[in-house]
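Residue numbers (my numbering): 784 to 1993.
Virtual Cβ for every residue (Gly too), placed ideally from N, Cα, C.
Accompanying notes for the structure given below.
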């Protein structure tokens, strides 16, 4: 007798069950890892390769097609076919001998039991498909092989008026009469035998409606159900009904009693219709994937009553479902009349297999979508074996009689099959790890106590919940949010195990922007998507080489981690962020750990988000020229904050960042800078920087004030009683003071910290001052004070005119566009001088020039003067050789110039400028001149002057190194610390390339020197030159490199300058220019801005500031991997305009502000108050609400009126 030993049924709970339907022989017959003689047998199915595969895949139960002994119908035998499936039973008490390896009469029983025991040891349940609705007798003309010969009238249903004819509700010729107590007893004895003797874990009842018919109708109170429910053995195993038969009223999905699960045909058809585009209904689909509460939400039934499936033995395989429009059953011998005609299948352009890559990609995605939907649905999923391997039956949807390759799984899986297998395995184990995918109750869709959250959210791509009308549209796009914690459970506030998941479905043919929910406040990671392959070519090669390997990782945990890492690729998405959801794609996201806390604290964190936004200067909304108001979403605010240097990854980091901001603020004893504008008071005393210091040390702090030259102006001790100091308490906090700046007695002690404002006790002139704060003879802080005049320098103070207000005419020019006999095809400073002389003769007094900023000398295609490498130096390309002192003494330069005469003439005839050629000529000639400059004794004093200039402008050397590095490294990135003066690379590079670096320094110096010579000569004949200052520099240029070294964090590495949509650029503009971070600019005491002004101002000159609005606000465009954001960032306008006025007066430089576009009123108001000239372009200057242009006398006197600008067409 067989020894069961310690065999224990797995008793997997319904909620955790994943069924794998298969044919024993069809599954094993072609498996190359099973010994050939064991294939197609019970022993072969119990072999290690099969068990390993089932465990690796993750299924919990195998549902065998009939294993009770059966025979083939006579009509099949006559045509050389056989009933391969086994739905033609001969007896109900014996396993089929076809699957026995041994020849002994009891071998099948012994081998069946061994198979069950081994499957149980692997944790896999055995479910048998049982056919208690008919026997192998067929119709009244069939053979007498079973119960007909025993008692025909008792065992079968007959027509009352024709006892010689069978009632056929099965399509197989006869129907067993379960109303007969003896027949019912036989069925119950058979069931108990298979449970008690053979240790089977459950049954799938074929055509179960036929078992429940009393006279004619299906009766859910039939004695069959009562008997099973009362049976102490059978009622304890899994009972699955195929809830239909072929008779009238036989389709009984949802009508079986409690304790039964049912094949859900409504689920199958609904999912097929939506994914395969057969007028599917979204409302019905979500009902099905939610467990079909309309069918099972009554009495004591649960979602687990629904056996969800897409395909089964009876119909198309999954591959065929997306490859064939029609069935192809010709081989069955019924002229293709057998099998279902309504399959809701789709071939996507070609019937059957194809080499069309696009069609095959769609088919792969569709199969993934089916598998994903199935394994994410509430209820019990049933997977048809081979669907995860890309199995085909070549369009046959009724292969019951095909004992050949049509019905057998081909284990030599193609690459698509391997991808599907990995995809399926991941989904199964994802389901196992997350209780939200296998709930025991139906969704309520209502907010629950404690968490104030629903148990499910149905989401529209617009970040709102779906409405009734949304379900009826044809967009076929929705989201399903499954919180893992949503309220009070019966066992009181115990969270569902696993993650909170967000499922996004796009069954349309269009890409959709899906905005992730703002509620809950979770950070999301993509863990699977059906448009992206999991396996790499390297994986496929490994699987080819390892014939015994089914999966790329055998360990389940490592496998899941590998897939998630590949799919997520380190990316995450924040609440309200938009995600691209491609056509025919399903995406699964999970909320990262900590989302529950974030949800609870969402209001507090939202307040912090807006506080940080205000601190960073981010404007929450802006109005473009069309009048449209654009409001930044929270996800866009996160991006803008990161661009401003705040490390806010997600809501959970907001509090930490805010706390650090406050900590740093209250541990900074003195503000780093204060910029004030002198008012009209007779004895103006400027405000001093704010203090935040312990109360106990206030009277012990001394302040020393020095001017720019380092001369001490005054010193005084803080005295809260001194009226001149006017010390005022703004705020105080009691806190643990961790800084040791005030000594060890105060460090780590609870202190009352005072935020104090005060004034300088003496009157100071306009200018810059250094304030040093001393405590116990030790410098504890330094700060800068800038006192600025109210107004900028007035250009017209230098001109006498009878016109009141004075009017001066001028011309503007793009210097590079000038061509003359003496230049090389591009305008230079000599051309500027000649133009100035002619302009003076014509009565003009101003020449306006586009920026002279240094461009990329080794990247001549980057030619825009508004996209410079550095705004701190002048572009050497404008140097005119013949006006340099070296020219007359340099034979090499003159000879080279002569040799280029013909090509230069040809160049000047071109309609465009060949920057690459001209840059090369100029550099070669300048190199000749530099050689003469280095060695000729006449230039000793100039060499001293160059050295002095280089010392005064240390950034020039780094810029020179930058250009030399471009020559040396080319397209290869130079070492990261190449430009750091303390690095080994810096020292070695300077040593190896000293001559090249000196050459570039020489060029920058000579460009500056020659422009000043020309400017002075023009000034002497009454011509003023205004130079243009660009908004920013190239993010990878020399100026950016210099700032990264000297002022880390000044330049945002995530943002670029641009402008919002306007009438000339409906989509807005991204200028690609680097931007300064406002907080960093203040941290560096505005020195970058001061240096920039000084590098571009000339004595008694004019400076035009392009897009002057940036002194108030600048339009940032932030581009991250996950998306973009754009909006205005506010700068410290009062300080910047004040410094502009101060430097303007110091350099006697008038200021023109280009104020076109969406300029706030405060910009023009500030310009007017500070005597800055506005930029008025004829095209835009019209009567309000009219097309009439303004008259000349209507233009403001503090303006530059022009017909055109470099931004507009000529």
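{"Check": "Per DSSP, what kind of secondary structure is residue 1136 in: helix, strand or coil?", "Outcome": "coil"}
{"Check": "On the DSSP bridge list, what partners appear for residue 1191?", "Outcome": "According to DSSP, residue 1191 bridges with nothing at all."}
{"Check": "Exposed or buried, residue 917, counting other C-beta atoms within 10 Å across all chains shown (16 or more means buried)?", "Outcome": "buried"}
{"Check": "Tell me which residue opens and which closes the alpha helix (DSSP H) that residue 1689 is part of.", "Outcome": "1684-1692"}
{"Check": "I'd like to check one pair, residue 1875 with residue 1655: are the Cβ atoms closer than 8 Å?", "Outcome": "yes"}
{"Check": "Which partner residues of residue 853 appear in the DSSP bridge assignment?", "Outcome": "872"}
{"Check": "State the start and end residues of the unbroken alpha helix (DSSP H) segment that holds residue 1494.", "Outcome": "No alpha helix (DSSP H) holds residue 1494; DSSP gives it neither H nor E."}
{"Check": "Could you check whether residue 900 and residue 1043 sit closer than 8 Å to each other, using their CB atoms as the reference points?", "Outcome": "no"}
{"Check": "Beta carbon of residue 967, beta carbon of residue 940: below 8 Å?", "Outcome": "no"}
{"Check": "For the alpha helix (DSSP H) containing residue 1396, list its first residue and its last residue.", "Outcome": "1385-1399"}
{"Check": "So is residue 1701 buried or exposed if we call it buried at 16+ other beta carbons inside 10 Å?", "Outcome": "buried"}
{"Check": "I need the straight-line Cα distance from residue 802 to residue 990, nearest angstrom please.", "Outcome": "19 Å"}
{"Check": "Evaluate contact between the stretch 885-900 and the stretch 784-798, counting only Cβ atoms and requiring at least three cross-stretch pairs below 8 Å.", "Outcome": "yes"}
{"Check": "Quick one: grab the DSSP three-state call for residue 804.", "Outcome": "strand"}
{"Check": "Helix, strand or coil, according to DSSP, for residue 1824 in the structure here?", "Outcome": "helix"}
{"Check": "Using three-state DSSP, classify residue 1755 as helix, strand or coil.", "Outcome": "coil"}
{"Check": "Residue 910 bridges to which residues according to DSSP?", "Outcome": "846 and 985"}
{"Check": "According to DSSP, is residue 1099 helix, strand or coil?", "Outcome": "coil"}
{"Check": "Counting pairs of beta carbons, one from the stretch 1421-1433 and one from the stretch 1463-1470, are three or more of them closer than 8 Å?", "Outcome": "no"}
{"Check": "Within 10 angstroms of its Cβ, does residue 1584 collect 16 or more other Cβ (buried), or is it exposed?", "Outcome": "In this predicted model, residue 1584 has a pLDDT of only 46, less than 50, meaning its place in the structure is not dependable; the value taken from the coordinates is given anyway. Result: exposed."}
{"Check": "How would you call residue 1222, buried or exposed, if buried means at least 16 neighbouring beta carbons within 10 angstroms?", "Outcome": "buried"}
{"Check": "Residue 1084: buried (16+ other C-beta within 10 angstroms of its C-beta) or exposed?", "Outcome": "buried"}
{"Check": "Under 8 Å: do the stretch 1095-1102 and the stretch 1067-1083 share three or more Cβ pairs, one atom per stretch?", "Outcome": "no"}
{"Check": "In this structure, how does DSSP classify residue 1445 when only helix, strand and coil are distinguished?", "Outcome": "helix"}
{"Check": "With a threshold of 16 other CB atoms inside 10 Å of the CB of residue 1752, please say whether the residue is buried or exposed.", "Outcome": "exposed"}
{"Check": "Could you tell me the alpha carbon to alpha carbon distance between residue 1361 and residue 1355, rounded to whole angstroms?", "Outcome": "11 Å"}
{"Check": "Can you check whether the CB of residue 1310 is closer than 8 Å to the CB of residue 1335?", "Outcome": "no"}
{"Check": "Report the option in 1366, 1480, 1926 and 1266 whose CA atom is closest to the CA atom of residue 1374.", "Outcome": "1266"}
{"Check": "Measuring straight from C-alpha to C-alpha, what distance separates residue 1441 and residue 1556?", "Outcome": "28 Å"}
{"Check": "So residue 1651 packs on residue 1790, CB below 8 Å; how close in whole Å?", "Outcome": "Contact doesn't hold; Cβ gap of about 13 Å is too wide."}
{"Check": "Are there 16 or more other CB atoms within 10 angstroms of the CB of residue 1293, so buried, or fewer, so exposed?", "Outcome": "exposed"}
{"Check": "Mapping the DSSP letters down to three states, classify residue 1077 as helix, strand or coil.", "Outcome": "helix"}
{"Check": "Just checking my contact of residue 848 with residue 806 at CB under 8 Å: how many whole Å lie between their CB atoms?", "Outcome": "5 Å"}
{"Check": "What does a CB cutoff of less than 8 Å around residue 2031 pick up in its chain, not counting 5 residues either side in sequence?", "Outcome": "Any question about residue 2031 goes unanswered here, given that the chain covers just 784 to 1993."}
{"Check": "Can you tell me which of the three DSSP states residue 1913 falls into?", "Outcome": "strand"}
{"Check": "Leaving out five residues before and five after residue 1243 in sequence, what residues of the same chain have Cβ atoms less than 6 Å from its Cβ?", "Outcome": "1249 and 1253"}
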